[in-house]
Structures are given as structure tokens and as C-alpha cells.
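Asker:
Number of protein chains: 2
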Amino acid sequence: MNKLKDDILHLSQDCGNCPIRHRAVCARCDSDELERLDQIKYYRSFEAGQTVIWSGDRMEFVGSVVSGIASLTQTMEDGRTQMVGLLLPSDFVGRPGRESAAYDVVATTDLVMCCFRKKPFEQLMVDTPHVAQRLLEMTLDELDAAREWMLVLGRKTAREKIASLLSIIARRDASLKLQGMQGQLVFDLPLTREAMADYLGLTLETVSRQVSALKRDGVIQLEGKRHITIPDFARLLEEAGDDGDGGIMV
Amino acid sequence: MNKLKDDILHLSQDCGNCPIRHRAVCARCDSDELERLDQIKYYRSFEAGQTVIWSGDRMEFVGSVVSGIASLTQTMEDGRTQMVGLLLPSDFVGRPGRESAAYDVVATTDLVMCCFRKKPFEQLMVDTPHVAQRLLEMTLDELDAAREWMLVLGRKTAREKIASLLSIIARRDASLKLQGMQGQLVFDLPLTREAMADYLGLTLETVSRQVSALKRDGVIQLEGKRHITIPDFARLLEEAGDDGDGGIMV
DNA sequence: GTTCGCGCTTGATCTGGGTCAAAGATATAT
DNA sequence: ATATATCTTTGACCCAGATCAAGCGCGAAC
Numbered sequence: 191m192n193k194l195k196d197d198i199l200h201l202s203q204d205c206g207n208c209p210i211r212h213r214a215v216c217a218r219c220d221s222d223e224l225e226r227l228d229q230i231k232y233y234r235s236f237e238a239g240q241t242v243i244w245s246g247d248r249m250e251f252v253g254s255v256v257s258g259i260a261s262l263t264q265t266m267e268d269g270r271t272q273m274v275g276l277l278l279p280s281d282f283v284g285r286p287g288r289e290s291a292a293y294d295v296v297a298t299t300d301l302v303m304c305c306f307r308k309k310p311f312e313q314l315m316v317d318t319p320h321v322a323q324r325l326l327e328m329t330l331d332e333l334d335a336a337r338e339w340m341l342v343l344g345r346k347t348a349r350e351k352i353a354s355l356l357s358i359i360a361r362r363d364a365s366l367k368l369q370g371m372q373g374q375l376v377f378d379l380p381l382t383r384e385a386m387a388d389y390l391g392l393t394l395e396t397v398s399r400q401v402s403a404l405k406r407d408g409v410i411q412l413e414g415k416r417h418i419t420i421p422d423f424a425r426l427l428e429e430a431g432d433d434g435d436g437g438i439m440v
Numbered sequence: 191m192n193k194l195k196d197d198i199l200h201l202s203q204d205c206g207n208c209p210i211r212h213r214a215v216c217a218r219c220d221s222d223e224l225e226r227l228d229q230i231k232y233y234r235s236f237e238a239g240q241t242v243i244w245s246g247d248r249m250e251f252v253g254s255v256v257s258g259i260a261s262l263t264q265t266m267e268d269g270r271t272q273m274v275g276l277l278l279p280s281d282f283v284g285r286p287g288r289e290s291a292a293y294d295v296v297a298t299t300d301l302v303m304c305c306f307r308k309k310p311f312e313q314l315m316v317d318t319p320h321v322a323q324r325l326l327e328m329t330l331d332e333l334d335a336a337r338e339w340m341l342v343l344g345r346k347t348a349r350e351k352i353a354s355l356l357s358i359i360a361r362r363d364a365s366l367k368l369q370g371m372q373g374q375l376v377f378d379l380p381l382t383r384e385a386m387a388d389y390l391g392l393t394l395e396t397v398s399r400q401v402s403a404l405k406r407d408g409v410i411q412l413e414g415k416r417h418i419t420i421p422d423f424a425r426l427l428e429e430a431g432d433d434g435d436g437g438i439m440v
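Protein chains in written order, with my numbering: chain S, 191 to 440; chain L, 191 to 440.
Laid out in C-alpha cells, this is it:
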């Protein structure tokens with residue numbers, strides 16, 4: 191639970207108000223704009239497993255993840271589900287200009303979100319082009335991430351899929367903690383095997399087997415079920431089938 | 191199916207010069223703006239199989255597809271490839287604000303594109319917020335399409351994948367041709383079996399087998415290798431596993 | 001015409017990952 | 001301490017789709 195605290199401390203520095211600032215861009219927001227944001231801001235907490243919003247529901251806010259993990263999921267009538275987005279701290283949620291949610295948003299861990307009432311936020315976007323501009327950049331990043339993931343889903347083996355997911359989480363986790371890059375990364379896996387499976391288009395049994403295999407082969411070390419050490423990040427990327435530095439998943 | 195008809199009327203209007211107008215939005219462009227667009231416009235033609243731009247290359251234009259089909263593809267070192275986007279006539283290509291291409295853009299059929307020099311186009315975006323706004327909308331649409339496709343890639347069977355792809359192409363094709371509506375759709379499949387496979391994360395043999403199976407079962411009719419008749423679109427959607435009217439793929 | 005080439009189909013066989021089933025680990029509640 | 005529940009691991013078996021291989025159809029080049 192230290193991690194959660196760390197996250198909060200880390201993010202509380204600049205997460206006060208502007209969700210855009212989470213992405214370290216809204217130095218461009220002047221005090222007047224920040225003032226306006228403050229007035230339409232509120233926080234919401236969710237427990238792991240809770241649904242933040244159902245697909246099709248009217249969406250009355252936008253916001254960003256302060257701590258914890260949320261996921262965007264799609265479900266077919268027969269129950270097959272696929273996560274289509276992983277929302278880590280600092281990621282933006284919601285669609286200015288869209289009436290209703292296109293996906294279920296689910297709290298995958300305990301979750302705190304910083305929300306803004308949608309209408310006024312949209313007005314702010316209209317008034318301040320650089321916020322709209324920033325939103326376009328973020329959307330393009332998300333699109334790249336989604337397409338990157340299409341390669342993972344369509345063409346990678348189960349082992350490569352697991353390695354890809356671990357590398358993404360390791361990278362993001364490390365960057366939040368200002369850690370890493372000395373070759374060794376340590377982090378707590380914030381997803382259950384089932385959540386990993388839903389994200390990778392696998393079954394939880396296959397996930398479990400492949401994680402065990404990566405452990406056996408020394409690609410990762412594993413204490414308990416969730417605490418992971420990656421002795422050689424380059425090796426992990428190789429296992430993921432990433433040429434060079436791919437995997438910009440957001 | 192009313193929505194389908196709306197789409198049709200929508201797209202048929204024109205695609206003369208403004209790439210944004212392709213999406214039937216730039217009624218908002220005034221004559222001055224169209225004038226500016228005309229000055230930075232040029233056309234390019236490609237033969238089937240040609241590469242429009244390689245991943246990583248510097249991108250000096252944005253534009254949209256006038257006729258033919260282009261695809262965005264990713265390739266791993268060992269040759270596995272995955273299409274991550276299908277660009278049909280009226281679709282936009284390029285990233286204002288991005289230096290280099292993130293994917294290979296390949297002409298899947300003979301292709302004509304309407305291009306705009308990137309720098310001036312970006313300036314136009316800055317000057318006219320509604321163009322930037324429109325671009326955000328389009329990017330959000332693409333993101334939805336990509337996520338829709340993640341479900342296809344991650345959780346659908348081969349037969350469902352084929353049906354999903356056919357329904358997307360049928361819908362788009364019909365809308366371009368002002369055709370259909372009597373429950374029966376007729377179109378020419380513009381993709382080889384291999385291209386379909388690359389899009390669906392399958393092998394070309396599996397694609398061929400499943401197309402044959404759909405034919406055998408009367409879901410589609412097939413003259414020659416490419417000419418397809420869909421006697422009952424709702425049936426096709428059912429085969430695709432789409433609840434309701436899903437599949438908004440762009 | 002005949003031959004070449006390419007896209008497509010179909011068959012035979014193999015295998016990665018799914019499915020079904022059981023049991024081990026932790027954690028929280030009684 | 002025991003019980004209940006959730007998450008995870010592992011084994012045995014199966015099947016959808018991959019792989020390997022052969023042949024078909026048809027347009028273009030000779």
C-alpha cells in the first residue's frame with residue numbers, strides 16, 4: 191500500500207486542478223484558466239471492481255486518473271470481454287463533444303479520479319485553443335497505443351503478449367516513480383491474471399502458465415503473486431518481440 | 191438501417207478539395223479557407239502494392255483518400271504483419287503536429303490521394319479552430335474504430351472476424367454508391383485474401399476457408415472471387431457477433 | 001493457341017492456446 | 001484457529017486455426 195501513497199504524493203504536486211497538467215503540458219494554462227477549472231472540479235473514489243460508467247450511459251464529466259487503474263472494456267452478449275484501454279494515473283478519460291460513453295469504464299484497482307463537469311469543460315476548450323490542441327495530441331497518442339496493441343492482439347504469441355504487457359506497465363510504473371533504467375526494474379503488478387487475460391485476448395490459465403514460464407526462464411522474478419523484478423529490461427523487450435523501443439502504450 | 195441511409199446521403203455530396211469536406215463537415219469552411227486549401231493542394235496516384243510512405247519517414251503532407259484503398263500496417267522483424275487501419279475513400283491520412291509516420295502506408299488497390307502540404311495545413315488549423323475541432327472528432331472516430339477492432343482481434347472467431355470485415359466494407363461501399371437499402375447489398379471486395387488476413391490476424395488459408403463456409407451457408411453469395419452479394423445484412427451482423435448496430439469501423 | 005504467374009481453394013496434419021477440473025495460497029470474516 | 005472466498009497454479013485433453021502441400025482458374029505475355 192506504500193505504492194498508492196507514493197502515487198498520491200507524486201501526483202498531488204501538479205494534479206491539483208488541470209487534468210491536462212497531468213501530462214505535464216499545462217504550464218500553458220494561465221491562472222485565470224486554472225481558476226475556472228477549480229470551480230468545476232470534484233473528486234470521485236471507486237473500489238476495485240466498481241464500474242465508473244456503463245457503455246451507453248450519458249457521460250456528464252471528463253477527468254483523469256489520480257491513482258489506481260481503470261480500464262475501458264467491451265463485452266459481447268455471450269460474455270466474452272476485451273479491454274480496449276488501460277488507464278493509468280495521469281491518463282485522461284472522456285470525450286469532449288460526445289454524449290454517451292462508448293465503453294464500460296471499470297475500476298480495476300481502487301481508484302481516485304479527478305473529474306470536471308463536462309459542459310463547462312467543453313466551454314473552456316472552446317475558449318482556450320491550446321487546451322483543445324493538447325487534447326488532440328493526447329487522442330493521437332491513444333490512437334497510436336491502440337494500434338500498437340492491435341499488433342499485439344493480432345500477431346503475437348501468448349508469451350510475447352505477456353512480455354509486452356509487462357514492459358508497458360513496468361515502463362509506466364517506473365516513470366511515475368522516477369526510478370529505473372539502471373537495468374533493474376521493480377514494481378507491483380496491479381492487475382489480476384484475469385484482467386491481464388482480458389487485455390491480451392487470452393484466458394487466465396494461459397496467462398498464469400506464461401508468467402510461470404517467464405519466471406522459470408529468468409526473464410522476470412516473482413515474489414508472491416504480484417511483486418515483480420525485471421533484471422534485464424532489454425531482455426523483456428526482446429521477449430515481447432519489440433524491435434527497438436516500441437510499445438508506447440498509454 | 192435508417193442510419194445507413196443517412197451515411198449515404200452524407201458522403202455522396204462531394205470530395206472536391208477539402209479533405210475535411212470528405213467527411214461532410216466543411217460546410218463550415220468559408221470560401222477564403224477553401225481558397226487557401228486549393229493553393230496547397232496536389233494529387234498523387236499510386237499503383238496497387240506501392241508504398242505511400244514508410245514508417246519512420248518524414249511526413250511532408252496530410253491528405254485524404256479520393257479513390258481506392260490504403261492501409262496502415264505494422265511489421266515485426268520476422269515478417270509478421272498486422273494492418274492497423276483501413277483507409278477508404280474520404281478517410282484522412284496524416285498527423286498534424288507529428289514529424290514522422292508511425293506506420294507504413296500502403297496502397298492496397300490503385301489509389302488516388304488528395305494531399306496538402308503539411309506546414310501550411312497546420313497553419314490553417316491554427317487559424318481556424320473549427321478545422322482543428324473537426325480533426326479531433328475524426329481522430330476520436332478513428333480511436334473508436336481501432337478499439338472496436340481490438341475486440342475483433344482479441345475475442346472473435348475466424349468466422350466472426352470475416353463477417354465483421356465484410357459488414358464494414360459493405361456498409362462503406364454501399365454508402366459511397368448510394369446503393370442498397372432493399373435489404374440486399376452488392377459490392378466488389380477490394381481486398382485480396384492475404385490483405386484480409388493481415389487485417390484480421392489470420393492466415394490467408396483460413397480466410398479462404400471461412401469465406402467459402404459463409405458462401406456455403408448462404409450468408410453471402412459470391413460470383414468469381416470478389417463480387418459479393420449480401421442477401422440479408424442483419425444476418426451478416428449476427429454472424430459477426432455484433433449486438434445491435436456495432437462496427438463503426440472507419 | 002500455350003505458358004507463365006498470381007490469386008485462390010482445398011486437403012492433410014500439427015500445435016498453441018482453450019477448456020475442464022482439481023487443488024494450493026492468501027486474505028478476510030467468524 | 002477455523003471457515004469462506006478469491007486469486008492462482010497446474011495437469012489432462014481437445015480443437016480452431018496454423019502450417020505444409022498440391023492443384024485450380026484466369027488473365028497477361030509470348
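All C-beta atoms, glycine included, are put in the ideal place defined by N, C-alpha and C.
#1: Assuming L/Ile420 contacts L/Ala360 (C-beta within less than 8 angstroms), just tell me the rounded distance between them.
#2: Using the beta-carbon of each residue, which ones in chain L are nearer than 7 angstroms to S/Arg270?
#3: Interface residues of chain L around S/Pro319 at Cβ under 9 angstroms?
#4: Can you pull the chain L neighbours of S/Glu332, defined as C-beta to C-beta under 8 angstroms?
#5: Taking C-beta pairs closer than 7 angstroms, name the residues in chain L that S/Trp339 reaches, listed in chain order.
#6: Pull up the CB-CB distance for S/Trp244 and L/Met340, whole angstroms please, since I reckon it's below 8 angstroms.
#7: So what does L/Leu276 bridge to, in DSSP terms?
#8: Under the three-state reduction of DSSP, which class applies to S/Met266: helix, strand or coil?
#9: Pick helix, strand or coil for S/Lys351, following the three-state DSSP scheme.
#10: How many angstroms separate the CA atom of L/Leu277 from the CA atom of L/Ala322?
#11: Could you check whether the Cβ of L/Glu384 sits closer than 8 angstroms to any Cβ belonging to chain S?
#12: Tell me whether L/Val255 sits in a helix, a strand or coil according to DSSP, three-state version.
#13: Relative to the C-alpha of L/Val295, which candidate in L/Ser254, L/Asp268, L/Thr241, L/Thr318 has its C-alpha closest?
#14: Since L/Phe306 and L/Gly258 should fall inside the 8 angstroms C-beta cutoff, what is the C-beta to C-beta distance between them, to a whole number of angstroms?
#15: Would you say L/Met266 lies against chain S (beta-carbon separation less than 8 angstroms)?
#16: What is the residue span of the alpha helix (DSSP H) that S/Met159 lies within?
#17: Taking only beta carbons into account, state which residues of the segment 288–314 of chain S come closer than 9 angstroms to chain L, listed in chain order.
#18: In angstroms, rounded to a whole number, what distance separates the CA positions of L/Asp432 and S/Arg425?
#19: By the 10 Å Cβ neighbour count, where 16 or more other Cβ atoms means buried, how is S/Gln272 classified, buried or exposed?
#20: Any beta-carbon of chain S closer than 8 angstroms to the one on L/Gly431?
#21: How far does the alpha helix (DSSP H) with S/Glu225 in it extend, from its first residue to its last?
#22: Kindly list the residues whose CB is nearer than 8 angstroms to the CB of S/Gly287, restricted to its own chain and excluding five residues on each side of it in sequence; keep chain order.
#23: Comparing alpha-carbon positions, which option in S/Thr299, S/Ser221, S/Thr263 lies nearest S/Glu237?
#24: Any beta-carbon of chain L closer than 8 angstroms to the one on S/Val255?
#25: For a contact meaning CB atoms closer than 7 angstroms, what does S/Arg285 contact in chain L?
#26: What's the gap between the Cα of L/Gly414 and the Cα of S/Gln411?
#27: Less than 8 angstroms separating the beta-carbons of S/Leu333 and L/Leu333?
#28: Looking at the unbroken beta strand (DSSP E) that takes in S/Leu375, where does it start and where does it end?
#29: From S/Thr329 to L/Val409, what distance separates their C-alpha atoms?
Answerer: Taking the geometry as given:
#1: 6 angstroms
#2: Arg345
#3: Val316, Pro319, Ala322
#4: Leu333
#5: Met340
#6: S/Trp244 to L/Met340, Cβ: 19 angstroms. No contact.
#7: L/Ser261
#8: coil
#9: helix
#10: 20 angstroms
#11: no
#12: strand
#13: L/Thr241
#14: With a Cβ gap of about 18 angstroms, L/Phe306 and L/Gly258 do not count as contacting.
#15: yes
#16: The requested residue 159 of chain S is not part of the displayed model; chain S covers only 191 to 440.
#17: Arg288, Ala292, Tyr293
#18: 40 angstroms
#19: buried
#20: yes
#21: 221–229
#22: Glu312
#23: S/Thr299
#24: no
#25: Leu330
#26: 56 angstroms
#27: yes
#28: 375–378
#29: 37 angstroms
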